[in-house]
Every structure is written in C-alpha cells, then in structure tokens.
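Residue numbers (the working numbering), protein chains in the order written: chain A, 2 to 966; chain B, 3 to 146.
Structure record follows, encoded as structure tokens.
What follows is the structure, given as structure tokens:
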C-alpha cells in the first residue's frame, strides 16, 4: 500500500469520525451522547486501523479490505441522527450496510476468501435484506426513524404509511436475527471441522465475531422488552464489535512471536531430534510430511520422491486441507513440506522454518537416497532367481537372498545368517572336504565355479551350479566372498529322464514285431543310438530282411526298395522329411539273399532319441507277403466263383436282408432270361420286380420265411421278364455266409417253362391216346354189338325157329335155314372186317407194303401206292399203316377227291409217309380227334406229322417216324 | 315189393312176392316188337308167330314204340333195351305212367342181365330175356 493511499485512508477516517461525532452530539434527543460517540468511534477506528495494517501486510488478502469497509460504513449509522432530511434519509437507508463487509470478514477470515458459494451469498443477502426494506420504509413513511423526533424526515417519502414502516421494521428485525443465526451456524460448523492450527488462527476473530453477533441479537430482542436493558446491552455489543479488529491485531502479533520457534528448531536439529518431528513442532502441525527429491542420476529407480526412510512416495500435491512448499537449494529441488493449509496464513513462519532447516533437509535427503539405494539392491537380490550368498572369510553367511534361502530349505534369514555356508549347502558327509577346500582358497579366494548336489533342510535334493568371486576392501584385502548359484536341479532331472526315455525307446524299437528304421533327411539309414552307432534298423527289420546293421547304416533306404515301387516310396520319405506323415506304402523290399518280401509301411518325422536336433524320418511297418498272397488267392477264388456263376445255366441273383437285389448281383443267365441289362440289376425288391404280380405276395412270404430262418425249399412260380413275358421258374432262396456283416441270400432258379410245356403236351397227348383207345374200344363194342352180334342173335333165333319147325314144316324150316346161312356169312364178314380194323394180320405177317396194298384195294377211290417192300420195326409199321388208313378214311369221307396217292420211303433212318389227295382241302387238324390221334401216335415214336390242306388245293399229310430210337 | 330173379339154365324166372298182373299166356296175344335191328325183328317175328303170337307191329326206336303202343294197343311188347333214342327202361316208365292199361313188357338185349343191375327189377317189365335165348316157352313162362 502506498503512503498516499494510507494518508487518504486516515484522512477519510478522521473526516468520518468528526462528522459522525458532530451529528450525534448535535442531536438534542440523545441525553448523553459522549459515551456512545466514544464507543462507536473506537469501534470504527479500530476496524479501519486494523484493516489498514492488514492491507499493508498482505494486500492480496481481502481481510484487510473487509476490515476497512466495515470501519468506514460503520459511521453511516450516525447520519440518521442528522436533522437534515436527505442526510437522515441516507443514513436511515444505509445504516445496516456495514453488516455486509462484517459478515464477509467473519466468513472469509483468515484467508480472505469465502470458499463456499452458499456462504458467499450471505453477505449479499445481508445487504439486500437489511437495506431494501429500509428504502421501502423511507418511501412509505415520512418519519421512518422511530423514536427520534429530532431526526430528519424521509426525503424520499411518497406517501404516509406509518404502519408500513413498522412492518418494515419488524421484517428487518426478523431477517437480521435469521442472518445472525445463519452466520453463527456457519462459523460453528467451520470450527468443528477445523484443524488445530486453523482453530488456533480462527478463535480470536471468529469468537469476537460471534460475540458481536449474539450481542446484536440480544440488543434487538431486549429492545422489544426493555429499553434500558437494551441500552446496557448495547455497550456489550460495542465491546464485542470492537473486539473483532483487536483480535485480528492480536493474531498478527502472535505470528511475529511464533517466529521465535525457529531458533528452537535449530537447537532441536543440532540435538539430533528427527528433522520431521522438529519441523512439525516448529510449525505446530503434527501431520507435517516431508518428501525428498532424488534426481535420476542419483536415484535407483529413476527420478522420484522418497520419504525420509528412502521409500518411494507419490509426488506431494496440495489439496483442500494441505498445502505444499518446495524447498530448493541453489535452484535445485531438494524437498517438499506438506503442511496444514491454515499455515499459509503464517507464510513467514513457514519460510523461516524451512530456511532454518535447509541444511538438515539436504543431509536427510542424502540419507534417504542412500536408504533408497540399499532398498533397491535388496529388492534386486531378493527377486533374482539366482542364488546369492555373501560369505565371510570365516565361512559364515553374511547375506543371503531369498532364492538361496529357499534352495537351502529355510524361511528365516536370521537362521541362515548364524550358520556357515557348508551347513546349508553341503551334505554332512562332505563338510570336511568342503571346509578343507575353503581354507585352501585363502587368502585370495580366487574366483571359481563348481557344481554340487545336497539335501536341503526340507529333505529335497538340490543341485546347484556355483560361481564365486571375492569382495575386496580399499586395501585389496578380501573381506567376503560372493557366491552366485543357479539351481539346476530340474535340468538334471530332465537330463536323467531323457536318458531313461532314450533307453526305453531303444528297447521298445528293438522288441516290437513291426519293422522300424530311422533315416536322415536324405533317406540314408542312420544310426539310432549314440551309444551304438551301428544300429540303424531294429531287430524285426534285420531279421525279416536278413541284413546286418553295418550293411544298413549309411545306405539309402530306397536301394532296398524294389524298382517298381520307387516313386511311391520316395514320395513317402520326402513327405516325412518335410514334416508330414506319409500315406501307407506297400512295396517289396530286397532281402540280403536277393529275394523280395512285401511290406506295408509309413514314414513319419521323428525327434532324435539321442538328443540331436537333425530332422529324422522313421519308417515303420509290417510284412505283408503272406497277406498279399492271401489277397491274390482270394481274388482268384472270387473270379473263379464269378465265372461259375456267370456261366451257370441256372438263374442266380443275390438279395440282401430286405429282399432287395444287390448291385450287379445277378448272373448272365438271369439277365438274359429276364431281359435286363447288368446295370439295371440292383436295389429292387425281388418279388416286386421279377415275379408275376398275382404271385408276388406268395413269393414275398416265402422269401421272408427264409430271411427269418426257414430252411430253403424249391418252389415253382411265374416270373416276369422286363417285356412282360411269363416264365415258369423253379427257384430256391438260400442264405449265404455273411459278407462284411451283411446278410446275403442266393436265389437260384431254373426256367421250367419249356419243360412244363412239354410235360403238359405229354400229359395231353397221353390223355388223347387214352381217349382214342377208349373211343376205339367203344367203337369196337358198338361195331360188334350192332354188327356181328346182332347177326348172330338173329341167327340164333332163326335156328331155334328152324328147330321148332323142322318136323312140322320142313320146307319152311329149309327156307329159314338159307336165310340163316346168309346171316351167318354176313356175320363172319363183318367180324373179319372188324378184326382187320383192330389190327390187320397182314401187317404183322407180311409187313407194311402188303398191308397198304390190301388197304388201298378196298379204298372207294383210286389210290396210287409207292412203297418199298421192306420191313421196318413193328411200331413204325403200325404207325405208318394207321396214318394211311385214317387218312384214306378221311379222304373217302370228307375230301371229295377223285384220286389219292400214298408214298412210303425210308431216308436217313427216318420212315417218311405221305398221303395226298386232290380233294377240296381245308382240313383242320385241330378239329376232329382223328388226325390228333395220329399226331400222338407218331409222337410216341418221336415222330412228327404235318398236315397241309389249303382250301381247294387238296390235302397232304406227311409223317416222319425215326427208325433208330 | 321184393323181386328176385333166378337164372335157371338160360331162362330168367321171376319169383315175385307180389307179382304184377300178367295175362294168361295161352290166350292169343298181340305183340309189338321194338328193336333197332331189322334182322332181329324178323327173327323174333318168325319165332313168335310160330308160337301162336300175333305180331301186330314193329318199331325201331322208343318214340315210334310209344306211338305204336298207343295205336295198336298190343297185349305184349317185346322191348329192346338198347334203343337209339331212349332206353327200354324209359319206354317202360313212359308206358307205366300213361292212363289206361299198360301192356305186358318183356325186355330183351344182346347184353347180359347183370349189365343192368337193379334197373330190370325196378322197371315195370314182367321179365328179361337175352336175345340169343329168345323162345316162345320162355316168353310164356315170363307171362305166367
């Protein structure tokens, strides 16, 4: 604050004081104004003076401003007592304006800032609530100053509502009391949450402020009850009000005095009190925190903050309750103090304290740095997987890291540090030797390395590989030996396992029956066993092929492969060499004796069992010579059976368990007979496809029976060809041995259509022959009965008559006798004829030609006969005779011919008979049993009979009867 | 009615418990000869006439026989069993079924009586004579 400002401020103060005093003194209403003037002036002066002091010390802190404002505005209250209307009105309206800076002061002390927004509104609300109503009252009431007759009237009154003023007065009173309560509440709340340092700072001003506010409240309340009481209380108010700036000044004084604590601080430090404690005491802040800055060049974990113990801490930052001060030395950060933010009001104290402790802070920083380094090293050694042991020259363990402790089987470092190195890491039985070796290394303890196995405190066996090095002091003398170790227990175990595995693999390969041979990438048989470099192939391989190891190792595997299969074998090995598993290869390998044996093998990539890393190929497989032979045999057998099936005349087809034909499951005879292409056979239900629909159900049932286990039987059914032709087939369904777990049934059939037809023809012809014979017999009986028998009967009767008339009428009897003789000869002739019709005796006695001559002679028309006079077998002659006889009879009956011709000749062992006429023709051999009978008769002798009978062209009947049956 | 026939040396006798009424054999009898063989008809005529029978007609088949019986009303019919259009048994039955008196009927055949089983005894004929043994005495015997 400049001197000019100070001078102006004081001048204003003097003016105000004088004017106020004058106004109050000249008001006739006030009985004894001088005490009032004294107290009021004192209060106002105190505020202004303390405000100026505050502004001089800390211009940025608004506490000074509020003090000054309070002081200046305090004097406005005196204006009310002026008799001048305007002055009085101004004073009346603005009399309570002083409370605005006052409330701001008590709320903002000591920092000069009201932090909370709610609290910032209080001074403003105070101003509004106390001033505006007064203004309104001045407007409404010409005489607003109640109880003051000598006071001026309102210069701004526009109307006269005395009651309005009273109301305003009440309102203002209530509002004021409410504001007082609010401010007191806020201050009490703040006190409760304040740190000790802050409370120390707050209590004078806050206390005085609260007292002043309470006093106002009491005055106002007392004024309602008793004016004298209010007047007395008013003085208390004045006292409390004036105490506020006094309290402020006292606080300032106290800060100056507090600086003496700095010298106490220095003494404390010199006496060895911990620096942080000394500083905390000096600043009266028990929660003081110190952090030291370690730059990257000095720190071990990079630049950063550490606490006095050297532990890393985060960067100290200020917040609502803590402030931070950075301590520097020659421009370099050294440390920070984190202290109660209230001490910011005692900045000089803080500065003095930190200055006094500067050196001590530097020292402590060094120590913190050292401690940090030590901690870092400790962390490093303890987290390293390697064992670290620091041993004294007496063999005692000085330091041991966690890894070494764990290897030794201990959990407590202290236990280890009281023991000798060999107690922990050497088995009891080797102690003596170890101690001797250790002693022998003295005094230089040259660096060395060694490996040892021991049983630790937990009973576990450990193997450690150690490296030792001596630690020397400045004079070069060995003060301790550092041993760094690597726990190779696991590695040793794995090596052993690998060894065992290798042995096991070798044994396995040697004992399996499959062949196994290891090749390198180029396909050369290589040694499998590092102990036995000659072993290239396993025993099975060597035995099967007859080679010896030394003949195999170094040889190309493909050399052993028979020429024909080179391509596939080479491809398989190449596949395995490039990392994949090959397809199975079947090929012949050459044996030592030159013969070939067949093997089925695959090649796979393998890791070397001896531990080398070359990529290898393992060829493994089985001998298949026998298998091949069996397969070839099976194939031949299959072809053989196939040939039989296809050449068999029987119809053969295969059906499955459902009755469906298997694919291509029929033989050639089946396909031809049923008129199907081979590709069309397969998948159909047998009875649906190949059987007459009328019999399909029956066949289905029969087949189902066999499928269910019925024994096979022959059946006779009608099958259908693809063109719908019907065939009679005698068939059976037979189960076959299962193939690949599939049930297969064989249907065999024989086409009996022709046979049936022949049998039917035979039966029919036999029936016809029997019928013909019966007919002939009947005809014979009839002929006998109707012919000769009748004649003989008549003859018999006649003779009887003759006998009876012989005596009485001899002439009559004689006449009857002639008639009877005639009757007799006719009967004989008829009998002869009959006999001839049955079988002419001439045929048997003299042969065919004489019999035919006799026949032809009796014919009713001329018949030309051309026949050799030769004997033939009796049945052939009889058949030929009856053919001619029957034919000539038909010619006589039906042909209306004029002539006929009979030719009989023997050619190529066949009797050929031909009867032809020049009749009307049109003979139908199917009508009339006569010719059919001839056909049968001739057929019995394996002969044939043909009829050629064009209408109008005559008839010609030709019979051919084989003679040498 | 039980009828039995006894063969007695080529002669068929009828012994009947209840015999049909047959006329007096020795009365002058008119006869109709029914047979499909002319030679037998001639022989039989000669024989019967010589025995005093009056042959009033001849028929060659069953139908003409029935007409002739209706027309000529003979006392006796010599009836062949084997007729071309019907059997003698049928003619018998036909005649028996007619109103009016039925003539005596004697069945003749060139076959043996055993060929006809019980047809002869079941018919209305008086008797049966094999053709070859036909004589007046036999006829008379049957009519007795």
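Quick reminder that beta carbons are idealized off the backbone N, C-alpha and C, glycines included.
Put residue i into one of helix, strand or coil per three-state DSSP.
{"i": "residue 397 (chain A)", "result": "strand"}
{"i": "residue 802 (chain A)", "result": "helix"}
{"i": "residue 474 (chain A)", "result": "coil"}
{"i": "residue 494 (chain A)", "result": "helix"}
{"i": "residue 969 (chain A)", "result": "As displayed, chain A neither begins before 2 nor continues past 966, which places residue 969 (chain A) out of reach and without an answer."}
{"i": "residue 606 (chain A)", "result": "strand"}
{"i": "residue 729 (chain A)", "result": "strand"}
{"i": "residue 63 (chain A)", "result": "coil"}
{"i": "residue 862 (chain A)", "result": "coil"}
{"i": "residue 132 (chain B)", "result": "strand"}
{"i": "residue 453 (chain A)", "result": "strand"}
{"i": "residue 370 (chain A)", "result": "helix"}
{"i": "residue 752 (chain A)", "result": "strand"}
{"i": "residue 2 (chain A)", "result": "coil"}
{"i": "residue 340 (chain A)", "result": "strand"}
{"i": "residue 786 (chain A)", "result": "helix"}
{"i": "residue 187 (chain A)", "result": "helix"}
{"i": "residue 667 (chain A)", "result": "strand"}
How many Å lie between residue i and residue j at the Cα?
{"i": "residue 496 (chain A)", "j": "residue 276 (chain A)", "result": "60 Å"}
{"i": "residue 219 (chain A)", "j": "residue 59 (chain A)", "result": "35 Å"}
{"i": "residue 737 (chain A)", "j": "residue 711 (chain A)", "result": "13 Å"}
{"i": "residue 559 (chain A)", "j": "residue 526 (chain A)", "result": "10 Å"}
{"i": "residue 351 (chain A)", "j": "residue 252 (chain A)", "result": "16 Å"}
{"i": "residue 91 (chain B)", "j": "residue 790 (chain A)", "result": "22 Å"}
{"i": "residue 914 (chain A)", "j": "residue 905 (chain A)", "result": "5 Å"}
{"i": "residue 926 (chain A)", "j": "residue 126 (chain B)", "result": "48 Å"}
{"i": "residue 557 (chain A)", "j": "residue 524 (chain A)", "result": "6 Å"}
{"i": "residue 25 (chain A)", "j": "residue 88 (chain A)", "result": "13 Å"}
{"i": "residue 754 (chain A)", "j": "residue 642 (chain A)", "result": "27 Å"}
{"i": "residue 105 (chain A)", "j": "residue 175 (chain A)", "result": "20 Å"}
{"i": "residue 67 (chain A)", "j": "residue 103 (chain A)", "result": "7 Å"}
{"i": "residue 299 (chain A)", "j": "residue 319 (chain A)", "result": "Any reading at residue 299 (chain A) needs caution, since the residue's pLDDT is 49, under 50, leaving its predicted position unreliable; the model's value is listed next. If I take the Cα positions, the gap works out to 26 Å."}
{"i": "residue 568 (chain A)", "j": "residue 587 (chain A)", "result": "12 Å"}
Looking at C-alpha atoms only, which residue of the options is the closest neighbour of residue i?
{"i": "residue 292 (chain A)", "options": "A:254, A:347, A:223 and A:367", "result": "A:367"}
{"i": "residue 487 (chain A)", "options": "A:389, A:503, A:428 and A:564", "result": "A:389"}
{"i": "residue 868 (chain A)", "options": "A:896, A:501 and A:916", "result": "A:916"}
{"i": "residue 157 (chain A)", "options": "A:141, A:163, A:169 and A:172", "result": "A:141"}
{"i": "residue 856 (chain A)", "options": "A:823, A:890 and A:61", "result": "A:890"}
{"i": "residue 105 (chain B)", "options": "B:76, B:111, B:46 and B:114", "result": "B:76"}
{"i": "residue 878 (chain A)", "options": "A:764, A:123 and A:942", "result": "A:942"}
{"i": "residue 57 (chain A)", "options": "A:77, A:7 and A:72", "result": "A:7"}
{"i": "residue 447 (chain A)", "options": "A:457, A:472 and A:346", "result": "A:472"}
Exercise. Count the C-beta pairs between the stretch 471-482 of chain A and the stretch 389-402 of chain A that are closer than 8 Å, then say yes if the count reaches three, no if not.
Key: yes
Exercise. So, do the stretch 11-28 of chain A and the stretch 41-53 of chain A have three or more beta carbon pairs nearer to each other than 8 Å?
Worked result: yes
Next item on the list: Identify each residue in the stretch 783-797 of chain A for which the Cβ-Cβ distance to at least one residue of chain D is less than 9 Å, and report them in chain order.
Entry: No chain D appears in the structure shown, which is made up of the protein chains A and B.
Exercise. Taking only beta carbons into account, state which residues of the stretch 49-64 of chain B come closer than 7 Å to chain A, listed in chain order.
Key: 49 and 52
- Of all the residues that make up the stretch 797-810 of chain A, which are near chain B by a beta-carbon distance shorter than 7 Å? 797, 798, 799, 801, 802, 805 and 806
Inter-stretch contact (C-beta, 8 Å, three-pair minimum) for the stretch 810-818 of chain A and the stretch 848-858 of chain A: no
task = Scan the stretch 822-841 of chain A for residues whose Cβ lies nearer than 7 Å to a Cβ of chain B and list them as they occur along the chain.
result = 824
Can you pull out the residues from the stretch 127-145 of chain B whose beta carbon lies closer than 9 Å to at least one beta carbon of chain A?
132, 133, 134, 135, 136, 137 and 138
Using a Cβ-Cβ cutoff of 8 Å, what residues of the stretch 30-46 of chain B are near chain A? List them in chain order. 39, 41, 42, 44, 45 and 46
### Query
Of the residues that make up the stretch 100-129 of chain B, which ones have a beta carbon closer than 7 Å to any beta carbon in chain A?
112
The stretch 595-608 of chain A in contact with the stretch 568-578 of chain A per 3-pair CB rule at 8 Å = yes
Does the stretch 336-355 of chain A touch the stretch 319-326 of chain A, meaning 3 or more C-beta pairs lie closer than 8 Å?
yes
Taking 8 Å as the cut-off, does the stretch 59-70 of chain B touch the stretch 103-121 of chain B (at least 3 CB pairs, one atom from each stretch)? no
Are three or more beta carbon pairs between the stretch 794-803 of chain A and the stretch 745-761 of chain A nearer than 8 Å? no
Do the stretch 239-248 of chain A and the stretch 204-212 of chain A make contact, defined as three or more Cβ pairs closer than 8 Å?
yes
Assess, as a yes-or-no matter, whether the stretch 37-49 of chain B is touched by the stretch 126-137 of chain B under the definition of 3 or more beta carbon pairs within less than 8 Å. yes
Counting beta carbon pairs with one atom in the stretch 821-836 of chain A and one in the stretch 753-772 of chain A, are three or more of them shorter than 8 Å? no
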